[in-house]
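What follows is a set of notes on a single structure, which appears directly below.
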Amino acid sequence: MYDYLLMLHNLFRWLVLFIAIYTLYINFVGWKNAKTYTRRDKVMNSTFVGMLDLQLIIGLLLYFVFSPTTKLAFSDMRYAMHNPELRFYAVEHIAGMVIAIIIAHIGGALSKRSKSDTHKFRKAFIFFGIALLLILLSLPFTFHGGARPLNPFDHVGM
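Here the working numbering is used: the first residue of the sequence shown is 1, the next is one more, and so on.
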């Protein structure tokens, strides 16, 4: 189950990044060109936030139930805080991602409540951009000490 969820989480990482970039693009163009905020724009913003929520659910299952990495970290947090890979997965990755998701939700809500179309696009662009930056900083790349393969179908056993 662990390997399957990890593969799914890794696969959705790419979907989230693609949707985030596309959503940022349509919000930026809408903001700068004073376009009309359409149903498609609302659906894309909601899709981005919804994909983040799905990623969070899978991530929480991994974090609290299935991951041997977090089980090891929780068994000795003092050791985990001195080990870059364990610290990354036990603290840094989840903290950065949860903050990013909160910011994306705030941006989505503020965008929906805005009166003008330009403000809807601008608020979504700014908040989703901050969320994407935090996501990119919290992804498991080699400089964090907790690299994951770029290919979601590579077998990863930790």
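Cβ atoms here follow ideal geometry from the backbone N, Cα and C, with glycine treated the same way.
All values derive from a computational prediction rather than experimental measurement.
Euclidean distance between Cα positions of residue i and residue j
| i | j | result |
| --- | --- | --- |
| Met-158 | Ile-102 | Confidence is the limiting factor: at Met-158 the pLDDT is only 44, short of 50, which leaves the residue's position unreliable, though a coordinate-based value still follows. Each residue's alpha carbon lies about 28 Å from the other. |
| Tyr-37 | Arg-113 | 12 Å |
| Ser-116 | Gly-129 | 20 Å |
| Thr-47 | Tyr-25 | 14 Å |
| Arg-78 | Met-1 | 28 Å |
| Ile-126 | Pro-152 | 29 Å |
| Leu-133 | Val-49 | 15 Å |
Inter-residue CB distance, residue i and residue j (contact presumed, cutoff 8 Å)
| i | j | result |
| --- | --- | --- |
| Ser-111 | Asn-45 | 6 Å |
| Ala-124 | Gly-107 | 6 Å |
| Val-16 | Met-51 | 5 Å |
| Ala-131 | Ala-109 | With a Cβ gap of about 13 Å, Ala-131 and Ala-109 do not count as contacting. |
Residues near residue i in its chain [Cβ-Cβ closer than 6 Å; skip 5 each side]
| i | result |
| --- | --- |
| Leu-56 | Ile-101 |
| Phe-121 | Asn-27, Gly-30 and Trp-31 |
| His-93 | Ser-138 |
| Leu-136 | none |
Nonlocal neighbours in the same chain, by C-beta distance under 8 Å from residue i, ignoring five residues either side
| i | result |
| --- | --- |
| Leu-5 | Ile-58, Leu-61, Leu-62 and Phe-66 |
Secondary structure of residue i, DSSP reduced to three states
| i | result |
| --- | --- |
| Asn-83 | coil |
| Arg-122 | helix |
| Phe-159 | Nothing about residue 159 can be read from this structure; the chain reaches only from 1 to 158. |
| Ala-90 | helix |
Own chain residues within Cβ distance below 7 Å of residue i, not counting five before or after
| i | result |
| --- | --- |
| Leu-8 | Ile-58 |
Query raised in the report: Are at least three pairs of beta-carbons, each pair with one atom in the segment 65-81 and one in the segment 10-27, less than 8 Å apart?
Result: no
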